[in-house]
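Enquirer: Before I ask anything, let me first share the structure, which is written out below as C-alpha cells.
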Amino acid sequence: MTILSIRSQDFEISRRVEEFQNVVATITKVDFVPDDRKSFTSETSIGVLQNMIVGYGRHSASTAIRTVSHAAETDDNVMFHVPLSGSSSIEQRGGEYTELKPGLVYADPGEVPGVIRFHGEPTEGFYVSIPRSHFSAAARGLNAMLRRSVPLTPQWRVFFNYARSLHAEMSNLALEEAEQCATHVQDLALMALGATREAAEIAAGRGVRAARLKAIKAHIERNLTAPNLTADGVASRHGISPRYLRSLFETEGTSFGDFVAARRLALAYRMLSDPCNATSSIASIALATGFGDLSWFNVRFRRAYGMTPKDVRALARLR
Numbered sequence: 005m006t007i008l009s010i011r012s013q014d015f016e017i018s019r020r021v022e023e024f025q026n027v028v029a030t031i032t033k034v035d036f037v038p039d040d041r042k043s044f045t046s047e048t049s050i051g052v053l054q055n056m057i058v059g060y061g062r063h064s065a066s067t068a069i070r071t072v073s074h075a076a077e078t079d080d081n082v083m084f085h086v087p088l089s090g091s092s093s094i095e096q097r098g099g100e101y102t103e104l105k106p107g108l109v110y111a112d113p114g115e116v117p118g119v120i121r122f123h124g125e126p127t128e129g130f131y132v133s134i135p136r137s138h139f140s141a142a143a144r145g146l147n148a149m150l151r152r153s154v155p156l157t158p159q160w161r162v163f164f165n166y167a168r169s170l171h172a173e174m175s176n177l178a179l180e181e182a183e184q185c186a187t188h189v190q191d192l193a194l195m196a197l198g199a200t201r202e203a204a205e206i207a208a209g210r211g212v213r214a215a216r217l218k219a220i221k222a223h224i225e226r227n228l229t230a231p232n233l234t235a236d237g238v239a240s241r242h243g244i245s246p247r248y249l250r251s252l253f254e255t256e257g258t259s260f261g262d263f264v265a266a267r268r269l270a271l272a273y274r275m276l277s278d279p280c281n282a283t284s285s286i287a288s289i290a291l292a293t294g295f296g297d298l299s300w301f302n303v304r305f306r307r308a309y310g311m312t313p314k315d316v317r318a319l320a321r322l323r
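Per our numbering, the very first residue in the sequence shown carries number 5; after that it's consecutive.
Written out as C-alpha cells, the structure is:
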C-alpha cells in the first residue's frame with residue numbers, strides 16, 4: 005500500500021512548474037500545462053493498492069494531457085472521475101467533448117489518449133481506477149459508459165462515498181483491511197454498472213452490506229456513551245430491521261452488544277490512561293463510557309485487557 009502526495013507549493017518557486025510537471029508525468033502519466041505559471045497551484049493525494057487506485061485532486065486553471073506514449077505506458081484500467089467542485093472538461097480519442105460537473109461520473113479508459121481542461125479555481129475531483137478485468141460481469145454497462153459521463157445515481161453515490169472514506173482512512177488501516185475495503189469498492193462499481201444477477205448478488209453480499217455496516221459503526225462511535233444506544237434504536241435510525249442489523253455483525257464473528265462493549269472498553273482504557281482523569285473514580289469513568297453496572301464493567305475490562313482498571317491506572321502513573 006502506497007500513499008502519495010504531490011503539491012506544487014512543495015517545489016522551489018523558480019522551478020516549481022518544471023519540477024512539478026516531471027513528477028506528475030512520472031507518477032500519473034499526464035503532462036500538466038498551467039494557464040498561468042505564476043499563479044499555478046495543484047495538489048493530488050493518491051492511494052495505491054494492489055488492484056485499485058483512489059485519489060483526490062485540486063487544480064487551478066490548467067490542462068492535463070495524456071499523450072499516446074503516456075497511454076501506452078498505463079495499465080488496462082478504467083478510471084472513474086467524480087467532479088466535486090468547479091468546472092472541467094475531457095475529450096478522449098474515440099469520444100466526444102464532455103463537460104465534467106458535480107453530480108456526474110465519467111468512465112475513462114486509461115489506455116486512450118485524451119485531454120482534461122480545468123477551467124477555473126478551484127477545480128476539485130475524486131477518482132477511482134480499477135482493472136478492466138474486474139468488470140467482465142458488467143461488460144455491457146461498462147462499454148456503454150466508456151468515454152462519457154452519467155448522473156450520480158444512488159448506486160454511484162454509494163460507490164463514491166465508500167471509496168472516498170477509504171481514501172481518507174487508508175493511512176490508518178492495515179494493508180489487509182485496506183485491500184478488503186478495495187474489494188468492496190470494486191463490487192459497488194459492479195452494482196452501479198448494472199452487472200449480471202450473479203455479480204450483483206455478490207456486490208450486494210459484500211459491498212453494500214459492508215457500506216451499511218461501516219455507516220452503522222460510525223453511528224455507534226458518534227453515540228458511544230449514550231445510555232439509549234440499543235440494537236433496536238440503531239436499526240430504526242438506519243431503516244433496517246434489528247434482525248438484519250444483528251446479521252451484519254454476525255458476518256464479522258461478533259454481535260452488536262459485543263461490538264459496543266468493546267468500543268466502550270477501549271474508550272475507558274484511554275480515559276484511565278490519561279493523566280487528566282487521574283482524580284476521576286473508576287466508577288465515574290465506567291458510567292461516563294456507558295456502563296451502568298460497575299461489576300460487569302470490571303469483568304469485561306479484565307477479560308478484554310488482562311488487567312483490572314486499577315492496574316491500568318497504576319501503570320499509567322509509572323510512565
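All residues carry an ideal CB built from backbone N, CA and C; glycine is no exception.
Quantities reported herein were computed from a predicted structural model and do not represent experimental measurements.
With distances taken from CA atoms, which of S92, A148, G90 is nearest A111?
Expert: Of the candidates S92, A148, G90, the residue whose Cα lies closest to the Cα of A111 is A148.
Enquirer: Where R250 and P135 are concerned, what is the direct C-alpha to C-alpha distance, given to the nearest angstrom?
Expert: 34 angstroms
Enquirer: Using a threshold of 8 angstroms, state whether the C-beta atoms of V239 and P231 are closer than that.
Expert: Sequence check: residue 239 is Ala here, not Val. Result no, Cβ atoms of A239 and P231 do not sit closer than 8 angstroms.
Enquirer: Starting from Q184 and walking both ways along the alpha helix (DSSP H), at which residues does that stretch end?
Expert: Counted as a single uninterrupted DSSP element, the alpha helix (DSSP H) harbouring Q184 occupies residues 179 to 196.
Enquirer: Would you mind listing the beta strand (DSSP E) stretches within the segment 122 to 147 that are 3+ residues and don't spill past its ends, in chain order?
Expert: 127 to 135
Enquirer: Could you name the residues of the same chain whose beta carbon sits closer than 8 angstroms to that of R152, not counting the 5 residues immediately before and after it, in chain order?
Expert: So the list reads G99, E100, T102, Y110, A111, once near-sequence residues are dropped.
Enquirer: For Y60, list the residues DSSP reports as bridge partners.
Expert: Residue pairing of Y60 in beta bridges, as defined by DSSP: S49, F130.
Enquirer: Let's test the definition: count the other Cβ atoms within 10 Å of the Cβ of N176 and tell me whether it reaches 16, buried, or not, exposed.
Expert: exposed
Enquirer: Using the DSSP secondary-structure output, state which residues sit across from I69 in a beta bridge.
Expert: D35, V119
Enquirer: Please state whether DSSP places L150 in a helix, a strand or coil.
Expert: Three-state result, L150: strand.
Enquirer: Give the secondary structure of D297 by DSSP, where H, G and I count as helix, E and B as strand, and everything else as coil.
Expert: coil
Enquirer: State the Cα-Cα distance for the pair Q13 and N165, rounded to the nearest angstrom.
Expert: One C-alpha to the other measures close to 28 angstroms.
Enquirer: Between the Cα of F44 and those of A29, F15, T71, spot the shortest distance and give me the residue it belongs to.
Expert: Minimum Cα distance to F44 is reached at F15.
Enquirer: If you measure from the beta carbon of Y101 to each beta carbon in chain C, is any gap under 8 angstroms?
Expert: Included in the structure is just one protein chain, with no chain C present.
Enquirer: Evaluate D262 with the Cβ neighbour count: other Cβ atoms within 10 Å of its Cβ, from every protein chain shown; 16 or more gives buried, anything less gives exposed.
Expert: exposed
Enquirer: Excluding the 5 residues preceding and the 5 following E205 in the sequence, name in chain order all residues of the same chain whose CB lies nearer than 6 angstroms to its CB.
Expert: Residue confidence for E205 is low, a pLDDT of 49 falling below 50, so the modelled location carries little weight; the figure read from the coordinates is stated next. Result list for E205: empty, nothing under 6 angstroms.
Enquirer: For the segment 44 to 54 against the segment 81 to 99, do three or more pairs of beta-carbon atoms, one drawn from each stretch, fall closer than 8 angstroms, so that the two count as touching?
Expert: no
Enquirer: What separation, rounded to the nearest whole angstrom, lies between the Cα atoms of E202 and T67?
Expert: Only weak support is given to the placement of E202: the predicted model assigns it a pLDDT of 45, under 50, and the value that follows is read from those uncertain coordinates. Going by the C-alpha atoms only, they are around 41 angstroms apart.
Enquirer: Which value, in whole angstroms, describes the spacing of the CA atoms of T200 and R216?
Expert: Caution is warranted here: a pLDDT of 46 is assigned to T200, below 50, making its placement in the model unreliable, and no coordinate value can be reported.
Enquirer: Which class does R267 belong to by DSSP, given the choice of helix, strand or coil?
Expert: helix
Enquirer: Less than 8 angstroms separating the beta-carbons of V28 and V34?
Expert: yes
Enquirer: For E202, which three-state DSSP category applies?
Expert: Confidence is the limiting factor: at E202 the pLDDT is only 45, short of 50, which leaves the residue's position unreliable, though a coordinate-based value still follows. It is helical.
Enquirer: Is C185 buried or exposed, if buried means 16 or more other CB atoms sit within 10 Å of its CB?
Expert: buried
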